[in-house]
Amino acid sequence: MKLSRLTATMGAFVVGAVLALTGAGSAQATENSAGPAYVALGDSYSSGVGAGSYDGASGNCKRSTKAYPALWAASHAPSSFNFTACSGAKTGDVLNNQLGPLNSGTGLVSISIGGNDAGFADIMTTCVLQSESTCINAVNSAKNFVQNTLPGKLDQVYNAISAKAPSAHVVVLGYPRFYKLNGSCIVGLSEAERAAINGGADVLNSVTAKRAADHGFSFGDVTATFTGHEICSGSAWLNSVTIPIDESYHPTAAGQSGGYLPVFSSAA
Numbered sequence: 028m029k030l031s032r033l034t035a036t037m038g039a040f041v042v043g044a045v046l047a048l049t050g051a052g053s054a055q056a057t058e059n060s061a062g063p064a065y066v067a068l069g070d071s072y073s074s075g076v077g078a079g080s081y082d083g084a085s086g087n088c089k090r091s092t093k094a095y096p097a098l099w100a101a102s103h104a105p106s107s108f109n110f111t112a113c114s115g116a117k118t119g120d121v122l123n124n125q126l127g128p129l130n131s132g133t134g135l136v137s138i139s140i141g142g143n144d145a146g147f148a149d150i151m152t153t154c155v156l157q158s159e160s161t162c163i164n165a166v167n168s169a170k171n172f173v174q175n176t177l178p179g180k181l182d183q184v185y186n187a188i189s190a191k192a193p194s195a196h197v198v199v200l201g202y203p204r205f206y207k208l209n210g211s212c213i214v215g216l217s218e219a220e221r222a223a224i225n226g227g228a229d230v231l232n233s234v235t236a237k238r239a240a241d242h243g244f245s246f247g248d249v250t251a252t253f254t255g256h257e258i259c260s261g262s263a264w265l266n267s268v269t270i271p272i273d274e275s276y277h278p279t280a281a282g283q284s285g286g287y288l289p290v291f292s293s294a295a
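Just remember that my numbering sits 27 ahead of the position in the sequence shown, which is counted from 1.
Okay, structure coming up:
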């Protein structure tokens, strides 16, 4: 290695160390950063519902400093970071309310979306409060929606992202299976209900991964990182029924940092 290259390499190392130690550019990075302009879109799994430490300014969107987008931005110093993911968001909400920060200079986009379109919250309410057959029927109805209607809705979102940020690397994040089957839970849903819900998550992930690939996007499958940390595992990274109720069945802070962040970091 020539001396000039060695000097440049050492200089870059020192600058990186100083930024890491001082926390410079943790969420809104300096203009001198080499990191990409990053925009985080999506629903509650991206905003960080269930992880706590919410930004009061985000209101009902409940954006958490412990969500994987904020954690990634804090450690990678993007040139800019816009966090528009929002609790309860459907595909239409992304199209209407979240795409403003995207532009030709955007280098990285993350998104999780589709669960609310499929009626995630209503399904879980049905399964907790009603019969096993009613629960399984609700899951099957959602799977039919995911297979036949959701692809078109995802296409609209993905096309809009590409149109507004044509140079961006887009990472689509999936959803974890909720339950460890034959696990430690002795009350609550039946094993048949838990298996049906897990199967619904698998279908949602499969459809989303296919649509992402067809648009040239990366898909981040979190199934493996959450394996062993599902509800009923004894080491859950997902909330079960909890107060506040909207945090139920969402990743904890550990789920964001241990389940989502490594998958996103690898794909990004």
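A virtual CB, placed ideally from N, CA and C, is assigned to each residue, including glycine.
Proximity to residue i [Cα-Cα], best of the options
i: residue 264; options: 121, 242, 240 and 287; result: 287
i: residue 103; options: 183, 160, 78 and 63; result: 63
i: residue 9; options: 232, 151, 161 and 295; result: The question about residue 9 has no answer, for the chain in this structure spans 28 to 295.
i: residue 239; options: 100, 166 and 177; result: 177
i: residue 181; options: 235, 289, 153 and 211; result: 235
i: residue 111; options: 101, 95 and 88; result: 88
i: residue 184; options: 231, 123 and 134; result: 123
Counted within 10 angstroms of its Cβ, other Cβ atoms place residue i as buried (16 or more) or exposed
i: residue 214; result: exposed
i: residue 125; result: buried
i: residue 283; result: buried
i: residue 227; result: buried
i: residue 221; result: buried
i: residue 105; result: buried
Nearest-angstrom beta carbon gap, residue j and residue i [assumed within contact, 8 angstroms]
i: residue 155; j: residue 268; result: 7 angstroms
i: residue 131; j: residue 73; result: About 23 angstroms; that fails the 8 angstroms criterion.
i: residue 289; j: residue 252; result: 6 angstroms
i: residue 137; j: residue 291; result: 6 angstroms
i: residue 275; j: residue 266; result: 6 angstroms
Opening and closing residue of the beta strand (DSSP E) in which residue i lies
i: residue 247; result: 245–247
Within 7 angstroms, strictly: CB atoms of residue i and residue j
i: residue 277; j: residue 76; result: yes
i: residue 191; j: residue 257; result: no
i: residue 249; j: residue 179; result: no
i: residue 229; j: residue 143; result: no
i: residue 295; j: residue 198; result: yes
i: residue 91; j: residue 100; result: no
i: residue 145; j: residue 108; result: no
Residue i, enclosing alpha helix (DSSP H) - first and last residue
i: residue 178; result: 177–191
i: residue 71; result: 71–74
i: residue 250; result: 250–253
i: residue 225; result: 218–241
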